[in-house]
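Chemist:
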Amino acid sequence: MLIHSLLYRSLYALLSMGVVPDIPGLPRGLSECRSRGLRLFDRMLDEVRSGSVSLVSRLRLLSSSFDLLNGVTLVSDLERSDRWYQLVESVVDRCPAPTGCSGLLQTSLCRCLTDYFYGSPSPETDEWYRHLQSVADTWQSSFLPSVGWGGASPEETLERVEVLNRLSYMFLDASRDSVVRMGYEVCSSLMRQMSAPSSRCWELWYVLNTAGNACPLNGEEASRAVSAFCRLHRADPVAASAYRLAWECHRQMSLAEVSL
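The sequence shown runs 28 to 287 under the numbering used here.
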């Protein structure tokens, strides 16, 4: 479902720019792409609600469904948005506070909370937002230049840098940007040192190289991540198409910005 979410929101963005990818089986119009994306959104929420997957997977599904809903609709779908917020509250209430958990559960929870509080007029009044900020402060104070976070896996390191970068550009808080920049360099070293980075690491590395803000926009590394991901998923045409479309979408948007 996560791959299909990326597929539909990338395709919708390309179609919005007048680019129609020649990939069999994919919708060629905005209306059909939106309909398929919204049906997928509903299935993702059903999967979260069922409780049949791990807590980390449920949080990742919630984050991805948030991106999907905002990626295939030009006008807010208030009914679906309300269902998303209610489900986040239900799932988060079952989680330990971000300050009380660790590893990928902590990073997945923090990323989901950045979505939940994005656009909130006064998030600082909420206990969960304060937990989120407290974790980010801990990550900042415990970061060691050229080393990163001792004991953190490569995947966790990549996720921490992504969350810190999101806190910067989503909440207009540049106070941790120096850690994001140094963290990016640590991640770059990790991706070169690992003999066989996991699919998830390549996904996150692609995100860091296309997100911008305190991370550099590095087309060469993003393209390398897409190629590596496609090699790992050569037997899955949907996964390969999703990342090729995401990369093409990023390229087209970059070209549009240059021409302005």
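All C-beta atoms in this analysis are idealised placements derived from N, C-alpha and C, irrespective of residue type, glycine included.
When DSSP builds the beta bridges, which residues end up paired with residue 175?
Modeler: Partner(s): 171.
Chemist: Helix, strand or coil for residue 50 per DSSP?
Modeler: Looking at residue 50 - three-state DSSP - the assignment turns out to be coil, as it is neither helix nor strand.
Chemist: Thinking C-alpha only, which one of 281, 257, 123 is nearest residue 244?
Modeler: Minimum Cα distance to residue 244 is reached at 281.
Chemist: Using three-state DSSP, classify residue 127 as helix, strand or coil.
Modeler: In the structure shown, residue 127 sits in a helix (DSSP, three-state: H, G or I).
Chemist: If you measure from the CB of residue 51, is any heavy atom of the ligand COA nearer than 6 Å?
Modeler: What this structure holds is no ligand at all, so the ligand COA is not there to describe.
Chemist: In whole angstroms, give me the CA-to-CA distance for residue 215 and residue 70.
Modeler: Roughly 35 Å separates the two Cα atoms.
Chemist: Does DSSP put residue 269 in a helix, in a strand, or in coil?
Modeler: Residue 269 falls in the helix class under three-state DSSP.
Chemist: Quick one: Cα of residue 76 to Cα of residue 200, how far?
Modeler: Their backbone Cα atoms lie some 33 Å apart in a straight line.
Chemist: Suppose you measure from the CA of residue 116 to the CA of residue 62; what does that come to, to the nearest Å?
Modeler: Taking the straight line joining both Cα atoms gives about 26 Å.
Chemist: Does the structure place the region 91 to 98 close enough to the region 150 to 165 that three or more beta carbon pairs sit under 8 Å?
Modeler: Contact between the region 150 to 165 and the region 91 to 98 is absent, because fewer than three Cβ pairs lie under 8 Å.
Chemist: Taking the alpha-carbon positions, what's the residue 138 to residue 203 distance?
Modeler: Distance between the alpha carbons of residue 138 and residue 203 is about 16 Å.
Chemist: Decide if residue 223 is buried, meaning its Cβ has at least 16 other Cβ atoms within 10 Å, or exposed.
Modeler: Exposed, by the Cβ-count rule.
Chemist: In three-state DSSP terms, what is residue 35?
Modeler: Reduced to three states, the DSSP call for residue 35 is helix.
Chemist: Could you tell me the boundaries of the alpha helix (DSSP H) in which residue 109 lies?
Modeler: 105 to 119 is the extent of the alpha helix (DSSP H) around residue 109.
Chemist: Does the region 82 to 90 come into contact with the region 49 to 67, if we say contact requires no fewer than three beta-carbon pairs (one atom in each stretch) closer than 8 Å?
Modeler: The region 82 to 90 vs the region 49 to 67: no contact.
Chemist: Use the C-beta contact count for residue 218: other C-beta atoms within 10 angstroms, 16 or more gives buried, fewer gives exposed.
Modeler: The residue is buried, with at least 16 neighbouring Cβ atoms inside 10 Å.
Chemist: Hey, which unbroken runs of the alpha helix (DSSP H) at 4 residues or more fall wholly within the region 133 to 197?
Modeler: Segments of the alpha helix (DSSP H) lying fully in the region 133 to 197: 154 to 169, 181 to 197.
Chemist: Is the distance from the Cβ of residue 260 to the Cβ of residue 252 below 7 Å?
Modeler: No, these two residues do not count as a Cβ contact at 7 Å.
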